[in-house]
Structures are given as structure tokens and as C-alpha cells.
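First up is the structure itself, then whatever we jot down about it.
Numbering (full-length UniProt numbering), first residue to last: 1 to 128.
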């Protein structure tokens with residue numbers, strides 16, 4: 001049973017890697033932002049960018065590979081639709097680390113407060 005869990009976790013992490021790679025580019029993030037308002041044609045996604053159609057197609061292909069976007073044909077037009085479940089997977093993964101980071105920041109805050117308290121005592125001893 002453990003074997004299946006490890007494979008499942010590896011698969012999830014591998015998909016996250018692909019998703020994070022796709023999200024790392026500002027053009028692709030802007031496309032995702034546009035698609036969060038509803039489906040758009042490839043032409044519609046091209047308009048706001050000063051990029052060639054070929055570059056836009058590469059960005060869209062990256063989003064499709066990462067399973068963030070679905071591209072379908074509607075007549076002569078290609079329509080892109082956002083797959084929010086992929087973004088939710090990223091969100092769920094990040095949230096799983098939230099408790100760790102909050103606890104780490106709380107510990108750091110306690111250390112900094114203690115250091116300031118000790119520093120204040122040292123200043124008083126030395127007449128500062």
C-alpha cells in the first residue's frame with residue numbers, strides 16, 4: 001500500500017512542477033487572469049500582448065500541458081478555457097505548508113523579541 005502512496009505523491013509533485021513552471025511566466029499568468037473571467041479565443045488572448053502568434057501559441061501549449069487550460073476547436077476558432085481545479089491543487093499544496101510557516105514565523109518573532117529585550121538590558125548596563 002505504501003508503494004501506491006509514494007507513486008501518487010510523486011505524480012502530484014510532478015504535476016505541481018509542471019504547473020509551477022507554467023505559472024512562472026508573467027505572460028501566462030496574464031492569460032490565466034484573462035481566462036478567469038471566462039473562455040477566450042486564441043486571437044482574443046493574443047490581442048493584449050506584443051508577441052507573435054507563434055509565441056502566444058507556445059504559451060498556450062505550455063498552459064495546456066500543465067492542465068491549466070483546455071483548448072477546443074469551435075468551427076475555425078480555437079477557444080481556451082481555464083481549468084480551476086489545477087489552480088486549486090496548487091492552492092491546496094501551498095495551504096498544507098501554511099501551518100509550518102506560521103509556526104516558524106511565530107518562533108522567529110519570539111527570538112527577535114528576546115534579542116531586543118537582551119539588547120535593551122545591555123544598553124542600560126553600558127549607560128547608553
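The beta carbon of each residue, even a glycine, is placed where N, CA and C say it ideally should be.
Quick caveat: nothing in here was measured; it's all calculated off a predicted structure.
From the options, residue whose alpha carbon lies closest to that of residue i
i          : options       : result
residue 31 : 71, 90 and 14 : 71
CA-to-CA distance, residue j to residue i, given in whole angstroms
i          : j          : result
residue 25 : residue 45 : 15 Å
residue 19 : residue 58 : 15 Å
residue 80 : residue 69 : 6 Å
Outcome for residue i when other beta-carbon atoms lying within 10 angstroms are tallied against a minimum of 16
i           : result
residue 43  : exposed
residue 21  : exposed
residue 28  : buried
residue 63  : buried
residue 112 : exposed
residue 60  : buried
Pairing CB atoms from the stretch 33-41 with CB atoms from the stretch 77-94, are three or more of them under 8 Å? yes
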